[in-house]
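Participant:
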Amino acid sequence: MIHSISESASHALQTSSDAKRAYQERKRLQLGGTAVKEEEPARIAKNQKNDLDEAHRIRMDAAGYKVGWSLAERLSRDKPRFSKATPDPLEVIKFICKDIWTAMYNKQVDNLRTNHRGIYVIQDHSYRAFLRVSVPKGYESEMDEICRKMVIFPSAVIRGALMNLGIQSIVSVEIAIPQCTFQIRTAITSPNPNTPPGNPNPNKQN
Numbered sequence: 001m002i003h004s005i006s007e008s009a010s011h012a013l014q015t016s017s018d019a020k021r022a023y024q025e026r027k028r029l030q031l032g033g034t035a036v037k038e039e040e041p042a043r044i045a046k047n048q049k050n051d052l053d054e055a056h057r058i059r060m061d062a063a064g065y066k067v068g069w070s071l072a073e074r075l076s077r078d079k080p081r082f083s084k085a086t087p088d089p090l091e092v093i094k095f096i097c098k099d100i101w102t103a104m105y106n107k108q109v110d111n112l113r114t115n116h117r118g119i120y121v122i123q124d125h126s127y128r129a130f131l132r133v134s135v136p137k138g139y140e141s142e143m144d145e146i147c148r149k150m151v152i153f154p155s156a157v158i159r160g161a162l163m164n165l166g167i168q169s170i171v172s173v174e175i176a177i178p179q180c181t182f183q184i185r186t187a188i189t190s191p192n193p194n195t196p197p198g199n200p201n202p203n204k205q206n
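The sequence shown stops at residue 206 when you use my numbering, and every number in between is there.
1) From which residue to which residue does the beta strand (DSSP E) around N111 run?
2) Thinking G68 and R159 are a contact (beta carbons under 8 Å), I'd like their distance in whole angstroms, please.
3) Provide the residue span of the alpha helix (DSSP H) that contains V157, from first to last.
4) Using only the alpha-carbon positions, how far apart do D61 and K137 sit?
5) Distance, Cα to Cα, C180 vs A129?
6) List the endpoints of the continuous beta strand (DSSP E) containing Y105.
7) When DSSP labels each residue in this structure, what does Y127 get in the three-state scheme?
8) Can you list, in chain order, the residues of its chain with a C-beta nearer than 7 Å to that of P154? Leave out the 5 residues immediately preceding and following it.
9) Within 10 angstroms of the Cβ of I188, are there 16 or more other Cβ atoms? Answer buried if so, exposed if not.
See the structure below:
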C-alpha cells in the first residue's frame with residue numbers, strides 16, 4: 001500500500017514537473033513570438049529605407065553622369081588640345097578642375113595631385129553644397145549620411161565628363177566637412193563620340 005502510494009506520488013510529481021516544463025516552453029515560445037512580431041516592423045522599415053537609399057543613389061548617379069557628359073561635350077568644343085582618340089588624362093583632369101567645376105560651383109577646385117600612374121586627387125576645401133547643409137539639434141550624427149548622399153552627384157559628373165573625353169574612371173570620395181576629396185582612378189577607353197553610353201559600374205559611396 002505504501003509502495004503504491006509512493007509510486008502514485010512519484011508519478012504525480014513527475015507529471016507536475018512535466019507540465020511545468022511544458023508550460024515554461026509554451027511561455028518561451030510565446031515570448032519569442034512576441035519579440036519576432038515586435039522586430040518585424042523595424043526590419044521592414046530598415047529594408048524600405050535601404051531600398052529608398054539605393055533608388056536615390058541610382059537616380060543621382062545617372063543624373064550626374066549625364067550632366068558630366070553634357071558639360072564636357074559643350075565646354076570642350078572649343079578646346080582643340082583634347083583628342084578623344086589619344087586623350088591626355090592630366091589635361092582632361094585639369095579641365096574638370098577648372099572649367100567644369102567653375103560651371104557648376106563658380107570656382108575651381110583648390111588642389112590637384114597625381115602619382116602620374118593614373119590616380120588623381122582633387123580637393124575642394126569649401127565644397128559649396130556642404131555650406132548649405134544643416135540638421136536640427138540632436139541629429140548631428142545624420143550629417144555624414146546626408147553629405148555622402150550629396151557627393152553621389154558630383155562623383156558621377158566627374159565620371160561622365162571623363163568618359164566623354166575618352167577616359168574611363170572609378171571615383172571614390174572622402175568627406176571632412178566642409179572639405180571634399182575625390183580620388184580618381186583612370187583608364188583610357190574608346191567612347192561613342194555622339195551619344196552618352198550607359199553608366200558603367202556606378203560607384204557606391206563608402
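Think of the CB as a built atom: it goes at the ideal place given N, C-alpha and C, for glycine as much as any other residue. It should be emphasised that the depicted structure is a prediction, and the values quoted were computed from it without experimental measurement.
Facilitator: Based on what the coordinates show:
1) Secondary structure note for N111: its beta strand (DSSP E) is the uninterrupted segment 111-114.
2) About 6 Å separates the two Cβ atoms, so the contact holds.
3) First-last of the alpha helix (DSSP H) with V157: 152-164.
4) Taking the straight line joining both Cα atoms gives about 30 Å.
5) Computed Cα separation, rounded: 10 Å.
6) Careful: Y105 lies outside any beta strand (DSSP E), inside the alpha helix (DSSP H) at 101-105.
7) Assigned with DSSP and collapsed to three states, Y127 falls in coil, not helix or strand.
8) Same-chain partners within the cutoff: G64.
9) Exposed: under 16 other Cβ atoms inside 10 Å.
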